[in-house]
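Scroll down for the structure; my scribbles are underneath it.
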Amino acid sequence: MKAVVFGLQWGDEGKGKITTYLSREYDIVVRYSGGSNAGHTVEYGDVKIIHHLIPSLHLNSSVKGYIGPGVVIDVEVFMKELEELRSIDPVVDEKIRVSSLSHIVLPLHKEIDGKLEDMKGEARVGTTRRGIGPAYADKANRLGIRAGDFRNLERLIEKLELISRISEKLYGTTPMNSRELIQKYEVISRYVLDPIDMKRDIENSRVLFEGTQGVLLDLDVGTYPYVTSGHCNTTGVWVGIGFPVKLDKYIGVFKAYTTRVGEGPFPTEVMGSEAEELRNRGKEFGATTGRPRRCGWLDLPLLRYAVEVSGCTEMIMTKADVLNGISEVKVCVGYRYNGRILDVPPNLDVLDDVKPMYETLKGWKDLDDPNFHEFVEYVSKMVGVTMSHVSTGPRVDDIEIWSGDDD
Ligand code: GDP
Numbered sequence: 016m017k018a019v020v021f022g023l024q025w026g027d028e029g030k031g032k033i034t035t036y037l038s039r040e041y042d043i044v045v046r047y048s049g050g051s052n053a054g055h056t057v058e059y060g061d062v063k064i065i066h067h068l069i070p071s072l073h074l075n076s077s078v079k080g081y082i083g084p085g086v087v088i089d090v091e092v093f094m095k096e097l098e099e100l101r102s103i104d105p106v107v108d109e110k111i112r113v114s115s116l117s118h119i120v121l122p123l124h125k126e127i128d129g130k131l132e133d134m135k136g137e138a139r140v141g142t143t144r145r146g147i148g149p150a151y152a153d154k155a156n157r158l159g160i161r162a163g164d165f166r167n168l169e170r171l172i173e174k175l176e177l178i179s180r181i182s183e184k185l186y187g188t189t190p191m192n193s194r195e196l197i198q199k200y201e202v203i204s205r206y207v208l209d210p211i212d213m214k215r216d217i218e219n220s221r222v223l224f225e226g227t228q229g230v231l232l233d234l235d236v237g238t239y240p241y242v243t244s245g246h247c248n249t250t251g252v253w254v255g256i257g258f259p260v261k262l263d264k265y266i267g268v269f270k271a272y273t274t275r276v277g278e279g280p281f282p283t284e285v286m287g288s289e290a291e292e293l294r295n296r297g298k299e300f301g302a303t304t305g306r307p308r309r310c311g312w313l314d315l316p317l318l319r320y321a322v323e324v325s326g327c328t329e330m331i332m333t334k335a336d337v338l339n340g341i342s343e344v345k346v347c348v349g350y351r352y353n354g355r356i357l358d359v360p361p362n363l364d365v366l367d368d369v370k371p372m373y374e375t376l377k378g379w380k381d382l383d384d385p386n387f388h389e390f391v392e393y394v395s396k397m398v399g400v401t402m403s404h405v406s407t408g409p410r411v412d413d414i415e416i417w418s419g420d421d422d
């Protein structure tokens, strides 16, 4: 069995919690894209963990966590995160492996990220400034440093000096002290796994692939240029592990409303006290940066778009409990655009010019309320995909298998 868990919106849908919950039925959780810009929050009882790089595997279980070549690794964040996880699961180190082909985020990448954002001024993307985009750019420029390079330090010094020299000339970044960097980062070589070993393990195991961000932030099919630099759509699985794999399930996670961090179009965004209420109820502040998230109502045209481009076969709704007690819940059912009505946007450039059309549904007291049942069935029908689970709260086990006919 192989499946992928991914976000159907702009990220922060609760993928970390869902992945952790489902991971107990798998042997390995594999991260295939992004870097430490991700922040997957997982709550076990009173303990809260934020996974930036380490896959959201259920701690103290036998599930292993692999990081594929499509991920860019900030070694300091990786080691800090492992240390934190070790306090809960003392043998976690033995379960984590990093592809020798994964690229390393260097301090100069963070410098470039900040400089580019500042130079863009009003046109900035709103990145986390963690160097993710520049690390991917250097990968494409054939200048990148890979985790496997830390096994051959002499050649690594030459590579580091080359990238430092070019980056200093192009971007005015601080010259790198290669030996100092190696001393700090060399520890990554303990976790390195060669591509053929990773491939065989993946082929012979039950694997859950963990997406980061969301389809609408995918480099190609997202709201470009307001996207992340990785392939966070399900298509990223093949690119992000380096070989093709057959997936049995494409599990799309979405919130009962919508949020977005950073710049870019957001048709159902609400402002003022309405936004404040959603933000405070849902604790919508970024897990990586603490930035307040922009909030709005559920957008079905965008959900349909994300389902179409991802091949989603089942959905999981999260955070509906955040709306408990609201008397009416709005859902965007279509867009008015140039005298036409759109059920699905043909491309995301139209989002700047659409006018959302809303349907108002009855709110619910709690998740046992028949109105909530109606809401879930309505969304599932309007999108045309089965709901497999409904998340009922922040903790890993706050979740129910959804059976559509129990009302
Ligand atoms: P991710 O990046 O997609 O993993 O999302 P975040 O890290 O932003 O996590 C979403 C937050 O919402 C985490 O703190 C989760 O524990 C929490 N969460 C997930 N599902 C639910 C839910 O159904 N209800 C509530 N109230 N919180 C949830």
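Under the working numbering, the first residue of the sequence shown carries the number 16, and numbering increases by one thereafter.
Glycine included, every Cβ here is placed at the ideal spot set by N, Cα and C.
Any non-hydrogen atom of the ligand GDP within 7 Å of residue i CB
i	result
H55	yes
T333	yes
P409	yes
K380	no
G340	no
G159	no
E7	The requested residue 7 is not part of the displayed model; the chain covers only 16 to 422.
E58	yes
D383	no
V337	yes
S403	no
G22	yes
K32	yes
E415	no
G26	yes
S406	yes
G29	yes
Cα-Cα separation between residue i and residue j, rounded to whole angstroms
i	j	result
G251	I43	17 Å
Y36	N75	13 Å
L171	R180	14 Å
D263	L313	27 Å
D422	H388	Here the model assigns D422 a pLDDT of 47, short of 50, so the residue's position is not dependable and the matter cannot be decided.
K270	N167	45 Å
V344	Y350	18 Å
Y265	Q198	41 Å
G297	R144	25 Å
P240	P361	17 Å
Y352	L318	17 Å
V236	T274	18 Å
H73	E99	14 Å
E109	L366	46 Å
I204	V359	It should be pointed out that residue 204 corresponds to Ser in this sequence rather than to Ile. Whole-angstrom Cα-Cα distance: 46 Å.
F390	V260	35 Å
R139	E278	7 Å
V106	M94	14 Å
I331	L175	44 Å
E91	W253	27 Å
E126	L208	29 Å
R161	N192	17 Å
T243	S418	35 Å
E392	S114	41 Å
Cβ neighbour criterion (16 or more within 10 Å) applied to residue i
i	result
R194	exposed
G311	buried
E96	buried
T375	exposed
A155	exposed
S406	buried
V120	buried
P385	exposed
L177	exposed
Using a Cβ distance threshold of 8 Å, determine whether the stretch 173 to 187 contacts the stretch 124 to 143, with at least three qualifying pairs required. Contact between the stretch 173 to 187 and the stretch 124 to 143 is present: 3 or more CB-CB pairs across the two stretches fall below 8 Å.
Determine contact between the stretch 223 to 232 and the stretch 18 to 34, defined as no fewer than three beta-carbon pairs at a distance below 8 Å. Contact between the stretch 223 to 232 and the stretch 18 to 34 is present, because at least three Cβ pairs lie under 8 Å.
Check whether the stretch 45 to 53 and the stretch 64 to 74 touch, using three or more Cβ-Cβ pairs below 8 Å as the test. Yes, the stretch 45 to 53 is in contact with the stretch 64 to 74.
Start-end ranges of the alpha helix (DSSP H) lying completely within the stretch 299 to 367, minimum 4 residues: The stretch 299 to 367 contains these whole alpha helix (DSSP H) runs: 315 to 325.
Pick out the complete alpha helix (DSSP H) segments inside the stretch 173 to 209, 4 residues or longer, and give them in chain order. As far as the stretch 173 to 209 is concerned, its whole alpha helix (DSSP H) runs of at least 4 residues are 193 to 200.
Decide yes or no for the touch test of the stretch 396 to 405 against the stretch 325 to 338: beta carbon pairs closer than 8 Å, at least 3 of them. Yes, the stretch 396 to 405 is in contact with the stretch 325 to 338.
Beta strand (DSSP E) runs wholly inside the stretch 208 to 274, at least 3 long, in chain order: The qualifying runs are 222 to 225 and 264 to 270.
Go through the stretch 95 to 172 residue by residue and report every complete run of the alpha helix (DSSP H) that reaches 4 residues or more, in order. Listed in chain order, they are 107 to 110, 122 to 135 and 147 to 155.
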